[in-house]
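A short worksheet on the structure shown next.
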Amino acid sequence: MLEQYAFPGGMIIGTDSHTPNGGGLGMIAIGVGGADAVDVMTGFPWNVRWPKLIGVHLKGSLNGWTAPKDVILKVAEILTVKGGTGAIVEYFGDGASNLSATGKATICNMGAEIGATTSIFPYDDSINRYLHSTERSDVAELAKSNQEHLTADPEVLQSPEEYFDQVIEIDLDKLRPHINGPHTPDLAREVQELGAEAKSNGWPLEISAALIGSCTNSSYEDITRAASIARKLQNMG
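As numbered in my numbering, residues 1 to 237 make up the sequence shown, in order.
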């Protein structure tokens, strides 16, 4: 999706619930069921109820081991698994521009876990660099020449509460690594709180297996981070 099909200002209908991955490049990407997809492919209009607009104002920059995924884990804690139902989630603010394009895609990808119709980021330099690195320089230049149409208007940034049905603010400087679950993706806590919570709830205290990747965290950025941890452990013997 991100490497070949997504582009700023585009729209795509897909049959995977994580189609909104494309929102990381500023695209309206919506996952639908098979029947709806057939309608679209045969030329019938796809009808959708007018969505709510949820704005997520990101401030600051991620630091330490905090990752883009922690942003959506925090959003899931705030909105719960049903809080985004029937809504489009739009991220904005200086914090949004401080995230990598693949990080943005991770956040949009997991928007499905809060029930959102789709999620989207504004076009910025990180998206431009990603398009160039995936050999789509022509798309990058076209998007850059139309940047004013791919970002929020100044009045929206100045008074977001007048344009969104709900506004959430997250300070990336203060955000810490999160672990969500078990059983539901909106059961959130910071990593250091998990041990005590597991003991109090009688959860297993040993981790026997872990998955690094999936459609949410399979970018070079995520794999490199995991490899760095493994390398350090190996060096420690």
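Ideal Cβ placement from N, Cα and C applies to all residues, glycine included.
Can you name the start and end residues of the beta strand (DSSP E) that residue i belongs to?
i	result
Asn180	178-180
Val89	87-92
Ile223	First-last for Ile223: 220-235, but that is the alpha helix (DSSP H), not the beta strand (DSSP E).
Ala35	Careful: Ala35 lies outside any beta strand (DSSP E), inside the alpha helix (DSSP H) at 34-41.
Is it buried or exposed, residue i, if we count other Cβ atoms within 10 angstroms and call 16 or more buried?
i	result
Ile207	exposed
Leu131	buried
Tyr220	exposed
Lys174	exposed
Met236	exposed
Val75	buried
Phe44	exposed
Ala226	exposed
Pro204	exposed
Ala116	buried
His149	exposed
Asn201	exposed
Taking the continuous alpha helix (DSSP H) assigned at residue i, which residues delimit it?
i	result
His132	125-133
Ile72	68-79
Glu141	137-145
Ser119	It is not in any alpha helix (DSSP H) - Ser119 instead sits in the beta strand (DSSP E) that spans 118-120.
Asn21	Asn21 -> no alpha helix (DSSP H), and no H or E assigned at all.
For residue i, tell me which candidate among the options has the shortest Cα-Cα distance.
i	options	result
Gln158	Ile13, Phe92, Glu193	Phe92
Arg176	Gln4, Leu73, Pro51, His183	Leu73
Gly33	Trp46, Met27, Leu25	Trp46
Asp125	Asn109, Thr102, Ile107	Thr102
Lys69	Glu135, Pro204, Leu99, Asn146	Leu99
Glu113	Thr15, Glu148, Asn180	Asn180
Gly9	Pro154, Asp186, Gly195, Asn146	Asn146
Thr216	Ile12, Met11, Gly24	Gly24
Ala67	Tyr163, Ile28, Lys232, Leu172	Leu172
Pro185	Tyr163, Val71, Ser218	Val71
Quickly, what does DSSP pair residue i with across the bridge? List them, please.
i	result
Asp171	Lys59
Met110	Note: Met110 sits in no beta bridge, so no partner.
Leu187	Answer is none; Leu187 lacks a bridge partner.
Lys52	Ala87
Ile28	Met11
Q) Using 8 Å as the threshold, is the stretch 16-25 in touch with the stretch 38-54, meaning 3 or more CB pairs across them? A) no
Q) Counting Cβ pairs closer than 8 Å, one from the stretch 53-62 and one from the stretch 159-174, do we hit at least three? A) yes
Q | At least three beta-carbon pairs within less than 8 Å, the stretch 79-95 to the stretch 110-121 | A | yes
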